[in-house]
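A.B. asks: Okay, here's the structure, questions in a sec.
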Amino acid sequence: MSLARKIKEYALDLGYCKAGITTADGFPDYSEDLKSRREMYSFYIDSTRKPLEAANPRNIFPAAKSIVSVAYDYASLSFPEKLLGKIGRIYQARCYMAPPHRINGARSELLKKFLEQNGCRVSPYEHWHPERLVAARAGVSRYGKNNFSYVEGIGSFVVLSSFVVDAELEQDAPTLEVQCPDNCKACMNACPTGAIYEPLKLNPRRCISYNNWWTNNRPGVSCTIPAEIREKMGTRVHGCDVCQEVCPRNQARLKMKLPPDPFLEQIAQDFSLRKMLNMTDDFYAQRVQPLMYNYIKEKKWFQRNAAIALGNTKDPGYIQDLRTAMQDPEDVVRGYSAWALGRIGGSEAKQILELSLSRETSDDARKEIEAALAAA
2 MSLARKIKEY ALDLGYCKAG ITTADGFPDY SEDLKSRREM YSFYIDSTRK
52 PLEAANPRNI FPAAKSIVSV AYDYASLSFP EKLLGKIGRI YQARCYMAPP
102 HRINGARSEL LKKFLEQNGC RVSPYEHWHP ERLVAARAGV SRYGKNNFSY
152 VEGIGSFVVL SSFVVDAELE QDAPTLEVQC PDNCKACMNA CPTGAIYEPL
202 KLNPRRCISY NNWWTNNRPG VSCTIPAEIR EKMGTRVHGC DVCQEVCPRN
252 QARLKMKLPP DPFLEQIAQD FSLRKMLNMT DDFYAQRVQP LMYNYIKEKK
302 WFQRNAAIAL GNTKDPGYIQ DLRTAMQDPE DVVRGYSAWA LGRIGGSEAK
352 QILELSLSRE TSDDARKEIE AALAAA
């Protein structure tokens with residue numbers, strides 16, 4: 002049995018749903034596309050993961066000869082209704098950027114160890130390679146107009162990973178193609194913010210996911226979520242699945258009767274947006290971090306997102322929770338809670354805002370309160 006086949010079979014044994022191998026040649030078209038849309042993608046281009054350099058693996062790992070690409074099916078178990086529409090499926094599945102002490106992180110470490118034990122030196126650099134292009138060139142997945150990768154028989158509910166190695170391995174036939182029907186625009190029509198502005202083209206700064214998890218004191222990124230975007234985020238506090246939920250290619254999986262995820266069932270019993278808004282340290286550690294460890298490290302940003310979600314319900318039943326949040330020590334929590342009160346409106350909300358304005362010391366929070374009063 003060839004080494005390439007051994008690697009792919011071991012990946013399947015670890016629980017990956019598909020594995021393939023491609024050359025370590027670069028992706029110049031990807032680099033040019035990113036640079037042509039720098040205004041949209043500067044936050045990514047200039048990040049520490051250096052995607053433009055990683056688009057040519059040999060730039061960062063000169064010995065690179067092959068790339069092993071693997072896909073993990075994260076939707077083989079069902080997701081609790083209570084969490085859908087609030088937390089993206091990929092985050093509920095705890096498989097994206099998972100730490101090594103969690104099962105999905107351990108899977109990646111095991112594959113890396115197997116490669117090394119079989120004579121492959123693996124690139125040690127944590128740069129972001131264009132995973133979707135790598136997977137398509139390795140025959141693992143195909144494209145969707147919504148910018149996601151699709152694995153046959155599963156759909157787009159997959160997370161992709163790659164391992165750049167110094168071994169010359171047998172390559173798989175590429176599947177660089179879009180399999181969506183020519184006239185299908187379901188994802189573009191359904192995107193709440195119009196972030197998918199043409200097939201295979203996304204403006205990330207309009208994407209709900211970008212706005213609820215990237216806007217938290219990152220270099221080159223504003224921490225302010227535009228009011229227009231807030232109103233379209235609904236109750237989504239971490240991620241957004243709309244463009245995948247409406248896709249015809251995902252309907253077979255979405256309609257399957259799947260067994261429950263016992264851990265998620267436990268989380269769902271205790272989870273609520275009001276608890277997230279005024280969360281305790283224990284709630285943060287036991288109910289937020291196990292699912293949403295990917296991009297946000299401080300409680301206040303989760304609280305901000307919860308405030309937006311509660312405001313978008315327009316439910317006066319949440320006014321008392323927002324009243325409590327107006328006394329939070331973090332000005333971002335107070336500011337977005339004020340926005341939520343303005344969104345709900347009514348005399349009670351207005352009274353809370355007026356009282357809060359009289360004692361507010363933060364300029365940013367004051368601006369939010371004043372705008373909310375005008376709206377209420």
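Under the working numbering, think of the first position of the sequence shown as 2, with each following residue one higher. Ideal Cβ positions, reconstructed from N, Cα and C, are used throughout, including at glycine. Treat the numbers as computed from the prediction; the structure is a model and nothing was measured.
#1: Once DSSP output is grouped into helix, strand and coil, what is the label at residue 202?
#2: What is the DSSP secondary structure of residue 359, counted as helix, strand or coil?
#3: Does the Cβ of residue 234 have 16 or more other Cβ atoms within 10 Å, making it buried, or fewer, making it exposed?
#4: Compute the Euclidean distance between the alpha carbons of residue 185 and residue 252, then round it to the nearest angstrom.
#5: Decide yes or no for the touch test of the segment 322-340 against the segment 284-295: beta carbon pairs closer than 8 Å, at least 3 of them.
#6: Buried or exposed for residue 128, going by 16 or more other Cβ atoms inside 10 Å?
#7: Just to check my reading of the structure: residue 161 and residue 70 have Cβ atoms closer than 8 Å, yes? What is that Cβ distance to the nearest angstrom?
#8: Taking only three categories from DSSP, how would you classify residue 164?
#9: Please check the pair residue 207 and residue 195, which I expect to be a contact at CB under 8 Å, by giving their CB distance rounded to whole angstroms.
#10: Sort out for me which residues DSSP pairs residue 75 with in a bridge.
#11: Between which two residues does the beta strand (DSSP E) harbouring residue 21 extend?
#12: Put residue 230 into one of helix, strand or coil per three-state DSSP.
#13: Near residue 171, what residues of its chain come up, given a Cβ to Cβ distance below 7 Å and the 5 sequence neighbours on each side ignored?
#14: How far does the alpha helix (DSSP H) with residue 281 in it extend, from its first residue to its last?
#15: DSSP on residue 1, reduced to helix/strand/coil?
#16: Which whole-angstrom value is the C-beta distance of residue 169 and residue 66, which I expect to be below 8 Å?
#17: At which residues does the alpha helix (DSSP H) containing residue 265 begin and terminate?
#18: With DSSP as the reference, identify every bridge partner of residue 239, one or two as the case may be.
#19: Just the C-alpha distance for residue 157 and residue 249, rounded to the nearest angstrom, thanks.
#20: Could you spell out where the alpha helix (DSSP H) holding residue 312 opens and where it closes?
#21: In its own chain, which residues sit with a C-beta less than 8 Å from the C-beta of residue 36, not counting the 5 before and 5 after it?
#22: Would a C-beta distance cut-off of 8 Å place residue 58 and residue 20 closer than the cut-off?
#23: Given 8 Å as the limit, is there contact between the segment 173-184 and the segment 220-238, that is, 3 or more CB pairs closer than that?
#24: Report the start-end ranges of each alpha helix (DSSP H) in the segment 89-151 that is 4 residues or longer and not cut off at the edges.
#25: Can you tell me whether DSSP reads residue 68 as helix, strand or coil?
#26: Can you name the start and end residues of the alpha helix (DSSP H) that residue 321 belongs to?
#27: Just verifying my parser: in three-state terms, what is the DSSP assignment at residue 197?
#28: One question on the structure: do residue 155 and residue 90 come within less than 8 Å of each other, judged by their Cβ atoms?
#29: Tell me which residue opens and which closes the alpha helix (DSSP H) that residue 7 is part of.
#30: Within a Cβ cutoff of 6 Å, which residues of the same chain sit near residue 350, ignoring the five residues on either side of it in sequence?
#31: Any contact between the segment 77-85 and the segment 122-136? By contact I mean 3 or more CB pairs, one from each, below 8 Å.
#32: Apart from the five residues on each side of it in sequence, which residues of its chain come closer than 8 Å, Cβ to Cβ, to residue 100?
#33: Excluding sequence positions up to five away, which residues of its chain have a Cβ less than 7 Å from the Cβ of residue 222?
#34: Could you tell me if the beta carbon of residue 192 falls within a distance shorter than 7 Å of some heavy atom in the ligand HEM?
#35: Just curious, the alpha helix (DSSP H) that residue 376 is in, first and last residue?
#36: Would residue 272 count as contacting chain B if we go by Cβ distances under 8 Å?
C.D. replies: Quick answer:
#1: Here residue 202 corresponds to residue number 201 of the sequence shown, with the count starting at 1. Residue 202: strand per DSSP, three-state reduction.
#2: The residue you call residue 359 lines up with position 358 of the sequence shown. In this structure, residue 359 counts as helix in the three-state DSSP scheme.
#3: Residue 234 sits at position 233 when you count from the first residue of the sequence shown. Its Cβ being crowded by 16 or more others within 10 Å, residue 234 is buried.
#4: The residue you call residue 185 lines up with position 184 of the sequence shown. The residue you call residue 252 lines up with position 251 of the sequence shown. For residue 185 and residue 252, the distance between alpha carbons rounds to 14 Å.
#5: no
#6: Stepping through the sequence shown from its first residue, residue 128 is reached at position 127. Its Cβ being crowded by 16 or more others within 10 Å, residue 128 is buried.
#7: Stepping through the sequence shown from its first residue, residue 161 is reached at position 160. Stepping through the sequence shown from its first residue, residue 70 is reached at position 69. The pair is a contact, with the Cβ atoms about 7 Å apart (cut-off 8 Å).
#8: Indexing the sequence shown from 1 puts residue 164 at position 163. Reduced to three states, the DSSP call for residue 164 is strand.
#9: As a first step, residue 207 must be located in the sequence shown, where it is residue number 206. As a first step, residue 195 must be located in the sequence shown, where it is residue number 194. Confirmed, about 6 Å.
#10: In the sequence shown, residue 75 corresponds to position 74, counting from 1. According to DSSP, which records beta bridges pairwise, residue 75 is partnered with nothing at all.
#11: The sequence position of residue 21 within the sequence shown is 20, counting from 1. First-last of the beta strand (DSSP E) with residue 21: 19-24.
#12: Your numbering for residue 230 matches position 229 in the sequence shown. Reduced to three states, the DSSP call for residue 230 is helix.
#13: Within the sequence shown, the letter at position 170 stands for residue 171. So the list reads 3, 5 and 22, once near-sequence residues are dropped.
#14: Along the sequence shown, read from residue 1 onward, the residue named residue 281 stands at position 280. Where residue 281 is concerned, there is no enclosing alpha helix (DSSP H), given that its DSSP letter is neither H nor E.
#15: This structure cannot settle anything about residue 1, because the visible part of the chain is limited to 2 through 377.
#16: Here residue 169 refers to the residue found at position 168 when the sequence shown is read from its first residue. Here residue 66 refers to the residue found at position 65 when the sequence shown is read from its first residue. Contact flag correct, Cβ pair sits at about 5 Å.
#17: Numbered from 1 along the sequence shown, position 264 holds the residue referred to as residue 265. That run of the alpha helix (DSSP H) goes 263-271.
#18: Locating residue 239 in the sequence shown gives position 238, counting from the first residue. Residue 239 is bridged to 88.
#19: Here residue 157 is taken as the residue at index 156 of the sequence shown, counted from 1. Here residue 249 is taken as the residue at index 248 of the sequence shown, counted from 1. Approximately 11 Å between the Cα atoms of the pair.
#20: Sequence index remark: in the sequence shown, residue 312 carries index 311 (1-based). It spans 300-314 - the alpha helix (DSSP H) in which residue 312 sits, taken as one unbroken run.
#21: Along the sequence shown, one-based indexing puts residue 36 at 35. Excluding residues within five positions, the ones whose Cβ falls inside 8 Å are 46 and 53.
#22: Position 57 of the sequence shown, counted from the start, is the residue given in the question as residue 58. Position 19 of the sequence shown, counted from the start, is the residue given in the question as residue 20. No, they are not a contact pair.
#23: no
#24: 90-93, 104-118 and 132-138
#25: For this step, residue 68 is matched to residue 67 along the sequence shown. Strand at residue 68.
#26: Numbered from its first residue, the sequence shown carries residue 321 at position 320. Where residue 321 is concerned, the enclosing alpha helix (DSSP H) stretches over 320-326.
#27: Counting from 1 along the sequence shown, the entry for residue 197 is found at position 196. Three-state DSSP puts residue 197 in a strand.
#28: Counting from 1 along the sequence shown, the entry for residue 155 is found at position 154. Counting from 1 along the sequence shown, the entry for residue 90 is found at position 89. No, Cβ-Cβ distance for residue 155 and residue 90 is not below 8 Å.
#29: Here residue 7 refers to the residue found at position 6 when the sequence shown is read from its first residue. 4-15 is the span of the alpha helix (DSSP H), which, as asked, contains residue 7.
#30: As a position in the sequence shown, residue 350 is number 349, starting the count at 1. Only 320, 342 and 377 meet the Cβ criterion.
#31: no
#32: Along the sequence shown, read from residue 1 onward, the residue named residue 100 stands at position 99. Closer than 8 Å at the Cβ level, and outside the excluded window around residue 100, lie 106 and 294.
#33: The residue you call residue 222 lines up with position 221 of the sequence shown. 44, 215 and 216.
#34: The model on display carries no ligand, and the ligand HEM is accordingly not part of it.
#35: What you label residue 376 is simply residue 375 of the sequence shown in a count that begins at 1. 364-376 is the span of the alpha helix (DSSP H), which, as asked, contains residue 376.
#36: In the displayed structure, chain B is absent; only one protein chain is listed.
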